[in-house]
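Residue 32 in this note's numbering sits at position 30 of the sequence shown; the count goes up by one each step and never skips.
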Amino acid sequence: MAAPRDHRARALVPRQVNKVITDIKNLKDGDDLHNWSASSRKELTSAIKPFQVGTDTKSLVHVPNLALIVASPVVRAYFTTKPDATTANSVHADISKKAMKQIATWLKHYVKHFEAHYAINVDHYDPNAQEIIDVINYTRGDEDTMLEALADRLSYLCRYHKVPEAVEMAYAKLLVDEKFIRLLAAVKDIAVKEMLEYE
3 MAAPRDHRAR ALVPRQVNKV ITDIKNLKDG DDLHNWSASS RKELTSAIKP FQVGTDTKSL
63 VHVPNLALIV ASPVVRAYFT TKPDATTANS VHADISKKAM KQIATWLKHY VKHFEAHYAI
123 NVDHYDPNAQ EIIDVINYTR GDEDTMLEAL ADRLSYLCRY HKVPEAVEMA YAKLLVDEKF
183 IRLLAAVKDI AVKEMLEYE
């Protein structure tokens, strides 16, 4: 698994892993995601990261790794001893790359509704710099629901001067960084214009 680029997020990873492992132990049948409440599962979305299940780029999938820790005793045992690990290799005769990719895809269904919730709610506030960094670090690709929602919101706020000039400048300073190209590319002009109409 790739480590987040932001050092503050990186420092949180061992604590997140340890908290999830403690929650599994404290919850009755805690290793079954069906027994987790919606609010508890929401906490598992905070670390959606690339997961390499093979040596080629086609085997790269994105998975909520905290959910994977709940679902897999093998992954849990690994991260119990190495909570800040940035990679994990799965070498077992009975586990194929295809199976691992399928499991990762399946786990995304447990957190999908939070993406939709974020996309709806981001229209009602001004995102801060840390939120922008987190969305860049944890989203899965150029057509990610959360990435597009944030991109459209920032574009709207700046294009129509809906935030103070100092905030606009802070957004601009952050977005000129090369790692935010994905965010700029995700802006959908139609969505931005619709925001103005519903103001």
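Using N, Cα and C, we set each Cβ at its ideal position, and we do this for glycine too. Quick caveat: nothing in here was measured; it's all calculated off a predicted structure.
- Of all alpha-carbon atoms in 78, 115, 127, the one lying nearest the alpha-carbon of residue 165 is that of 127.
- Annotated three-state conformation of residue 190 is coil, per DSSP.
- In this chain, residue 141 is not harboured by any alpha helix (DSSP H), its DSSP state being neither H nor E.
- Around the beta carbon of residue 188, 16 or more other beta carbons sit within 10 angstroms, so the residue counts as buried.
- Under the 10 Å beta carbon count, residue 38 is surrounded by 16 or more other beta carbons and is classified as buried.
- Between the stretch 171-178 and the stretch 139-146 there are fewer than three C-beta pairs closer than 8 Å, too few to call the two in contact.
- Classified as exposed, residue 183 has fewer than 16 neighbouring CB atoms from the shown chains inside 10 Å of its CB.
- In terms of CA proximity to residue 73, 107 leads the group 135, 153, 83, 107.
- In this structure, the straight-line span from the alpha carbon of residue 181 to that of residue 153 is close to 14 Å.
- With contacts defined by Cβ atoms closer than 9 Å, residue 185 and residue 156 form a contacting pair.
- Non-local C-beta neighbours of residue 118 in its own chain, meaning closer than 8 Å and more than five positions away in sequence, comprise 147, ordered along the chain.
- Residue environment for residue 43: buried (at least 16 other C-beta atoms within 10 angstroms of its C-beta).
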